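Enquirer:
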Amino acid sequence: MAKGADKQQGKGGQKASKNASAQAEPFQKYTREAPPRLKRRYDEEVRAKLKDEFGFSSVMQVPKIEKITINMGLGRANQNPKILESAVEELRAISGQAPVVTAARRDIATFKLRRGHKIGVMVTLRRERMWEFLDRLISVALPRVRDFRGISPKAFDGRGNYSLGVREQIIFPEIEYDKIDSVKGLNITIVTSAKSDEEGRALLRHMGMPFRTPSSAAQGVAA
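In the working numbering, the protein residues as written are 4 to 226.
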């Protein structure tokens with residue numbers, strides 16, 4: 004019996020491993036052959052442009068993207084554990100990395116929250132996965148927003164970091180609409196080494212971030 008059980012577990016483990024590899028594959032394909040596309044673009048083009056644009060004396064002064072955090076808040080996670088489970092799997096598919104569950108740090112009577120209650124999931128992306136996610140966000144996900152005309156160029160925090168709210172996780176192609184239990188929003192924060200919002204905005208603009216322009220704003224914006 005023990006051998007049979009071990010054999011079954013072995014098969015299950017192999018299957019789970021294959022599924023996990025298949026999910027992570029899009030985020031790893033560039034690391035095996037060459038650096039991610041946006042990383043190459045930054046190294047070969049953007050860094051030199053920013054150096055000239057801001058008159059930096061050294062490339063070491065040029066701002067860079069350090070990490071990207073993705074948060075998915077879940078107001079109903081306490082009442083329905085399945086929502087939390089699906090959020091974990093959806094964020095894993097979107098980011099290519101296992102998320103961590105976040106919990107309330109204090110009691111909030113208004114929202115019937117108690118300290119320690121699970122309220123969401125998040126991931127912090129660095130290096131290759133960070134670049135790959137940013138590429139997919141810019142090239143694939145944002146253009147899928149209905150009536151998309153660009154994102155706000157003003158959502159910086161005064162230190163060159165940018166935050167973007169996504170209303171529906173279904174703009175990411177990794178999410179199958181007919182398999183989700185509810186529409187969930189995301190908050191994406193791009194952390195840079197920029198010393199000002201002007202530097203951070205220029206960095207992201209050169210990387211291809213589709214910031215809204217006056218002409219696009221006149222036509223109506225969805226993000």
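Idealized CB from N, CA, C, for every residue including glycine.
On a predicted model such as this, the values are computed, not experimentally measured, just so you know.
Short check: CB of LYS52 to CB of HIS209, under 7 Å?
Expert: A contact, by the Cβ cut-off of 7 Å.
Enquirer: Per DSSP, which one or two residues make a beta bridge with SER166?
Expert: DSSP lists THR192 as partners of SER166.
Enquirer: May I ask you to report which of helix, strand or coil DSSP gives LYS70?
Expert: Strand at LYS70.
Enquirer: State the DSSP-derived secondary structure class of MET210, mapped to helix, strand or coil.
Expert: Here MET210 sits in coil by DSSP.
Enquirer: Measuring alpha carbon to alpha carbon, tell me which residue in ALA37, PHE57, GLU47, ARG132 is nearest GLY203.
Expert: Measuring from the Cα of GLY203, the nearest candidate turns out to be PHE57.
Enquirer: Can you give the Cα-Cα distance for ILE71 and THR216, rounded to whole angstroms?
Expert: Approximately 24 Å, taken between the alpha carbons.
Enquirer: Which value, in whole angstroms, describes the spacing of the CA atoms of THR192 and ARG129?
Expert: So the alpha carbons of these two residues sit roughly 12 Å apart.
Enquirer: Would SER185 and GLY163 qualify as a contact pair, given that the criterion is a beta-carbon distance under 7 Å?
Expert: No.
Enquirer: Please return the same chain residues whose Cβ sits closer than 7 Å to the Cβ of PRO176, not counting the five positions on each side in sequence.
Expert: These residues qualify, in order along the chain: VAL143.
Enquirer: Whose CA, out of LEU206, ASN190, ASP181, lies closest to the CA of VAL126?
Expert: The option with the nearest alpha carbon to VAL126 is ASN190.
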